[in-house]
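Asker:
Protein chains: 2
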Amino acid sequence: MEGITFTVADKLKIVKKLDEFGIDYIEAGNPGSNPKDIEFFNEIKKLKLKNSRLAAFGSTRRAGMKTEEDKNVIALLDAGSEVITIFGKTWDMHVTKIIKTTMEENLFMIKDTIAFFKGRGKEVIFDAEHFFDGYKANSMYAMSSLQAAIEGGADCLVLCDTNGGSFPEEIGNIVKIVSKQFDKPIGIHCHNDCGMAVGNSITAVLNGAVQIQGTINGYGERCGNANLCTVIPNLQLKKDFRTIPKHQLSQLTSLSRYISEVANMSHNENEPYVGNNAFAHKGGMHIDAVIKDPFSFEHISPEAVGNKRRILMSEVSGRSTILKKIQAIEPTLTKDSEKIQEIIDLLKRLEHSGYQFEGAESSFELIVRKAMGKHKKFFSVMDFYILSQNQDRSDLSATAVIKVEVNGREEITASEGDGPVNALDCALRKALEIFYPELRRMRLNDYKVRVLDTEQATAAKVRVHIESTDGQKIWGTVGVSTNIIEASFTALIDSIEYFIMSCEKNNEIQVAGELEKERLIEGVF
Amino acid sequence: MEGITFTVADKLKIVKKLDEFGIDYIEAGNPGSNPKDIEFFNEIKKLKLKNSRLAAFGSTRRAGMKTEEDKNVIALLDAGSEVITIFGKTWDMHVTKIIKTTMEENLFMIKDTIAFFKGRGKEVIFDAEHFFDGYKANSMYAMSSLQAAIEGGADCLVLCDTNGGSFPEEIGNIVKIVSKQFDKPIGIHCHNDCGMAVGNSITAVLNGAVQIQGTINGYGERCGNANLCTVIPNLQLKKDFRTIPKHQLSQLTSLSRYISEVANMSHNENEPYVGNNAFAHKGGMHIDAVIKDPFSFEHISPEAVGNKRRILMSEVSGRSTILKKIQAIEPTLTKDSEKIQEIIDLLKRLEHSGYQFEGAESSFELIVRKAMGKHKKFFSVMDFYILSQNQDRSDLSATAVIKVEVNGREEITASEGDGPVNALDCALRKALEIFYPELRRMRLNDYKVRVLDTEQATAAKVRVHIESTDGQKIWGTVGVSTNIIEASFTALIDSIEYFIMSCEKNNEIQVAGELEKERLIEGVF
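From first to last, the protein sequence lines are chains A and W. With the first letter of the first sequence counted as 1, position 9 gets the number 9 in the numbering used here; the numbers rise by one all the way through. With the first letter of the second sequence counted as 1, position 156 gets the number 156 in the numbering used here; the numbers rise by one all the way through.
#1: Considering only their Cβ atoms, is the gap separating W:Cys156 from W:Asp177 smaller than 8 Å?
#2: Which whole-angstrom value is the C-beta distance of W:Gly476 and W:Glu467, which I expect to be below 8 Å?
#3: For W:Ala460, return the contacting residues in chain A, with the cut-off set at a CB-CB distance below 8 Å.
#4: Please return the same chain residues whose Cβ sits closer than 6 Å to the Cβ of W:Leu255, not counting the five positions on each side in sequence.
#5: Whole angstroms are fine: how far does the CA of A:Asp425 sit from the CA of W:Met382?
#6: Short of 9 Å Cβ to Cβ, which residues in the region 184–212 of chain W face chain A?
#7: Please list, in chain order, the chain A residues whose beta carbon lies closer than 7 Å to that of W:Ser179.
#8: How close, in whole Å, do the beta carbons of W:Phe41 and W:Ala9 come, if the pair is a contact with beta carbons under 8 Å?
#9: Look at the Cβ atom of W:His191, then the Cβ atom of W:Asn234, and state whether they are nearer than 8 Å.
#10: Under 8 Å between C-beta atoms, does A:Asn483 make it to chain W?
#11: Over the uninterrupted beta strand (DSSP E) stretch that includes A:Leu54, give me the two end residues.
#12: According to DSSP, A:His94 sits in a beta bridge with which residue or residues?
#13: Just by C-beta distance, which residues in the region 212–224 of chain W are closer than 7 Å to chain A?
#14: Going by DSSP, what residue range makes up the alpha helix (DSSP H) through A:His352?
#15: Please classify W:Leu428 as buried or exposed, where buried requires at least 16 other C-beta atoms within 10 Å of its C-beta.
#16: Measuring alpha carbon to alpha carbon, tell me which residue in W:Thr7, W:Asp24 and W:Ile412 is nearest W:Arg242.
#17: Can you tell me whether W:Ala398 is buried or exposed? The criterion is at least 16 other CB atoms within 10 Å of its CB, across all chains shown.
#18: Which residues, in chain order, does the region 101–126 of chain A contribute to contact with chain W at a C-beta distance below 8 Å?
#19: With a cut-off of 8 Å, does the C-beta of W:Ile174 fall near any C-beta of chain A?
#20: Within the continuous beta strand (DSSP E) that includes W:Asn390, where are the two ends?
#21: Residues of chain A with CB under 7 Å from W:Asn227, in chain order?
#22: Name, please, each residue of chain A whose Cβ falls closer than 8 Å to the Cβ of W:Phe297.
#23: Count the other CB atoms, across all protein chains shown, that sit within 10 Å of the CB of A:Leu432; report buried if there are 16 or more and exposed otherwise.
#24: Restricting to Cα atoms, I'd like to know which of A:Gly199, A:Met143 and A:Leu350 is closest to A:Asn225.
#25: DSSP three-state label for W:Ile86, please.
#26: If you run the structure through DSSP and keep just helix, strand and coil, what is W:Thr7?
#27: Would you kindly report the start and end of the unbroken beta strand (DSSP E) that includes W:Ile186?
#28: Using a C-beta cutoff of 8 Å, does A:Ala360 count as contacting chain W?
#29: Should W:Asn24 be flagged as near chain A, meaning a C-beta pair shorter than 8 Å?
#30: Along chain W, which residues have their Cβ under 9 Å away from the Cβ of A:Ile386?
#31: Let me check understanding here. Comparing Cα to Cα, which of A:Asn277, A:Ile26 and A:Gly119 lies closest to W:Ile4?
#32: Can you name the start and end residues of the alpha helix (DSSP H) that A:Phe132 belongs to?
#33: Three or more beta-carbon pairs under 8 Å between the region 81–93 of chain A and the region 46–56 of chain A, yes or no?
#34: Using 8 Å as the threshold, is the region 212–231 of chain A in touch with the region 263–271 of chain A, meaning 3 or more CB pairs across them?
#35: Hey, is A:Val451's beta-carbon within less than 8 Å of any beta-carbon in chain W?
#36: Just curious, the alpha helix (DSSP H) that A:Thr490 is in, first and last residue?
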């Protein structure tokens with residue numbers, strides 16, 4: 001997919017993870033077209049997989065060439081994988097207009113290439129490229145291409161909707177016809193160009209397909225492939241198919257996030273089953289119902305896929321919701337405590353002034369702790385200045401100067417940055433990392449600005465929402481002000497305080513404290 | 001959806017856009033549960049819609065209450081919309097466990113509420129909440145709820161997969177049964193919790209549904225609603241259904257981007273049909289094939305939905321669309337002009353660096369005029385500084401110092417503001433109003449910030465989009481930079497230049513020039 005490039009190390013990590021998770025086949029590269037993939041297949045030989053079979057992917061031999069003389073075929077063989085996936089043309093238009101060979105030669109290319117690998121002890125999967133378009137254009141020919149694959153010895157015939165243009169009922173009908181005609185396992189490979197890759201894959205399975213090709217999070221060219229994070233629970237939880245070992249399903253959310261991290265893509269929080277919003281409830285009526293019975297507004301239990309329910313606070317959420325959220329932080333508070341009313345009033349004032357705590361649960365928690373007198377101050381910012389200047393418009397930059405205080409010790413430092421917020425962020429971390437070295441593990445993941453009332457334009461209130469991560473957890477904070485710097489500053493401070501607080505809970509801060517003393521003694525300042 | 005909050009002004013803009021586009025019904029708010037929506041319905045009355053009918057959305061009356069005494073029902077009536085959408089319970093579990101009333105009373109609630117609005121001349125759509133879950137649990141009761149709606153006089157019965165847990169074949173079967181049983185238009189409302197909202201909606205239509213409820217870009221709670229940007233072209237291009245006026249389909253991509261901008265969400269570039277990657281081709285083999293015949297790897301022609309093919313290796317795309325836009329500004333340019341290629345190259349470079357001209361047509365026009373050598377420079381900014389400081393965190397403010405030059409005369413001035421961008425904006429106007437007093441008529445209407453690549457957080461590139469108005473016209477400009485101040489500055493300058501240019505066209509600048517002379521004589525400086 002555009003924006004994703006995996007290193008060999010990335011690919012090795014992903015294969016290990018998918019193997020652990022219990023995926024049956026991992027198609028991991030095309031050694032004929034990508035030299036990085038040759039390196040990958042050499043490295044992967046050192047790994048023993050527990051659950052997965054590894055497949056190398058490549059084309060049939062070229063037209064008019066002997067199979068054993070085609071260098072892509074040889075590269076595929078050299079990959080040394082247990083399984084080989086061969087894709088071939090099944091759409092007459094592609095044969096005559098794109099690869100420009102005869103209808104007969106294309107069938108021989110399929111048969112010969114598969115026979116070549118079968119003769120060398122491989123399990124061979126045949127990917128029938130553009131099969132549905134091909135079937136619609138010339139069903140006789142498309143079926144002949146499958147026949148050629150069988151004659152070559154293919155172990156499985158995978159029908160591909162390569163352009164992603166097919167509809168569920170077409171997929172269902174054609175899969176049914178093919179299943180009846182050929183006594184071989186049938187697979188399905190769908191693209192999402194009509195937004196129906198998942199529905200099409202499911203329909204294929206319900207009509208006889210036994211192998212589904214897809215990707216984690218649906219990553220793939222154009223609009224993506226069938227998303228296995230949706231297909232797997234759809235089939236396993238709702239149709240009683242076995243796709244992965246049963247006990248592994250609760251690892252699905254974690255797997256999905258892991259792959260996003262390795263791919264360096266923001267996780268799609270609205271993704272079915274595994275998104276952060278997949279079981280998030282907002283309106284008062286929905287929240288009330290979910291508390292009475294989760295199945296009233298949840299199609300499955302979020303725990304089944306390792307996700308969790310989230311009750312969001314919003315303009316429309318009632319007292320009972322807020323109460324539940326406060327009690328999750330401070331279980332001692334009952335609905336009649338005086339403190340509860342005080343906190344709810346404070347939250348209402350903040351919401352009225354533009355705060356919004358959905359996705360900013362960490363700011364919410366800090367506010368509750370502060371109100372309870374349970375918040376420990378880890379640092380104070382004494383003062384800061386930011387200077388942005390434009391000498392000739394080509395060299396605009398910003399410098400921040402900041403003074404912090406930790407346990408009676410002051411530290412003043414400065415940092416440059418791309419713009420005022422970045423300069424402030426850099427200076428703040430620089431000053432605080434001296435006291436809390438674990439901050440080096442933390443980084444900002446997302447930064448969003450929302451203008452609250454547009455009538456005032458540049459003098460309007462802004463809400464800044466920051467998402468931070470330590471590579472494992474993600475937490476959100478929020479700040480509101482008429483000044484974008486102050487709003488960003490509030491959210492930044494919260495994100496850092498929350499992280500230090502979490503580290504302290506896990507006793508990680510002790511180590512940091514020790515380290516800190518050593519560094520002080522060494523005369524770092 | 002989490003992360004989206006619309007102001008009343010946002011909603012008005014969206015309604016206008018959807019009306020222009022040709023959507024049949026716009027369900028625009030729930031006046032009973034949200035006071036902001038009451039304000040919206042008051043404002044919208046001033047607008048004349050050309051294509052769309054407006055619907056207000058709300059619940060049946062509460063149990064044990066007279067319809068005309070339920071304040072939510074009255075709020076719905078007060079909304080004054082032509083259409084009313086009433087949702088009611090159809091799943092027995094919800095009746096007994098969630099709203100805790102009798103099975104009979106729930107049927108009366110549906111019938112009474114609909115009859116109330118029919119008696120007042122409204123078109124009434126009945127949203128059968130949780131219909132598919134209800135049908136699976138107790139089909140007799142679910143069907144009785146539809147019967148109650150018909151007895152109340154409902155004009156359309158919309159079957160809702162509220163929890164998004166249903167599969168295409170279930171949806172298809174149940175829609176077919178309902179269509180046979182009742183002689184009323186049937187609608188479908190799907191959620192995406194199984195990743196099949198689009199497939200389910202299409203299947204419903206193929207089995208008799210005639211109304212599809214969905215949202216632009218699929219925005220909606222949890223995993224979203226059926227994405228109309230996918231449903232519409234699926235039905236219109238591939239199944240010959242009429243969903244919107246035929247000539248409007250080429251506006252789909254632009255509509256989708258517009259709604260993302262207003263919602264302040266990053267556009268999903270892998271979205272079917274309307275994403276930037278939807279017709280992007282990467283691998284050599286694919287590109288070669290697409291050049292030989294686009295349909296080899298494209299399920300439809302991208303132009304049909306106003307999108308464009310992108311060849312990721314050698315950029316040769318979108319020419320005709322851009323050409324059309326340029327010719328609107330400079331009708332003398334033909335498609336073979338050298339200048340055209342130059343401008344297209346420049347625009348591509350800008351787009352690649354993060355610019356986007358949707359909603360920023362004024363920046364686009366200025367770029368074309370500058371490239372044509374037809375842009376008159378009204379002023380130059382020689383230099384500026386901004387100082388933001390925080391003395392005790394309660395008094396954070398910013399000061400900008402700016403020097404401008406107009407016709408050889410320099411002016412230096414300073415201004416304070418709420419935050420650096422506001423200070424800069426104030427100082428800039430203060431300096432320029434001396435030369436162009438008509439600037440007093442202009443003000444900023446909206447200011448939006450979008451972070452372009454989230455991985456870098458505060459150091460990421462930002463796109464600032466500014467909307468300005470003189471009280472009559474509205475125009476949009478855009479700026480991109482890693483520095484939020486520079487991006488804002490670029491968009492601000494464009495907005496002011498565009499306004500002065502428009503004034504000059506209308507000869508208003510002459511007057512300003514005269515005024516200017518007088519003020520100089522009076523010794524204003």
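Ideal placement from N, C-alpha and C gives every residue a C-beta, glycine not left out. Computed from a predicted model, the values in this text were never measured in an experiment.
Answerer: Quick answer:
#1: Note that residue 177 of chain W is Ile in the sequence shown, not Asp. Not a contact, by the Cβ cut-off of 8 Å.
#2: 5 Å
#3: Tyr447
#4: Phe21
#5: 29 Å
#6: His191, Asn192, Asp193, Cys194, Gly195, Met196, Ala197, Val198, Gly199, Asn200, Ile202, Thr203 and Leu206
#7: Residues of chain A passing the Cβ test: none, with the nearest at roughly 16 Å.
#8: Actually they are not in contact, since the Cβ atoms of W:Phe41 and W:Ala9 sit about 14 Å apart, beyond 8 Å.
#9: no
#10: yes
#11: Arg53 to Ser59
#12: Note: A:His94 sits in no beta bridge, so no partner.
#13: Glu221, Arg222, Cys223 and Gly224
#14: Glu338 to His352
#15: buried
#16: W:Asp24
#17: buried
#18: none
#19: no
#20: Ser380 to Asn390
#21: Gly195
#22: Thr162 and Asn163
#23: buried
#24: A:Gly199
#25: strand
#26: coil
#27: Ile186 to Cys190
#28: no
#29: Note on residue identity: the sequence assigns Asp, not Asn, to residue 24 of chain W. False, the Cβ-Cβ gap to chain A never drops below 8 Å.
#30: Ile386, Leu387, Ser388, Gln389, Asn390, Ala398 and Pro420
#31: A:Asn277
#32: Phe131 to Ala137
#33: yes
#34: yes
#35: yes
#36: Ile484 to Lys505
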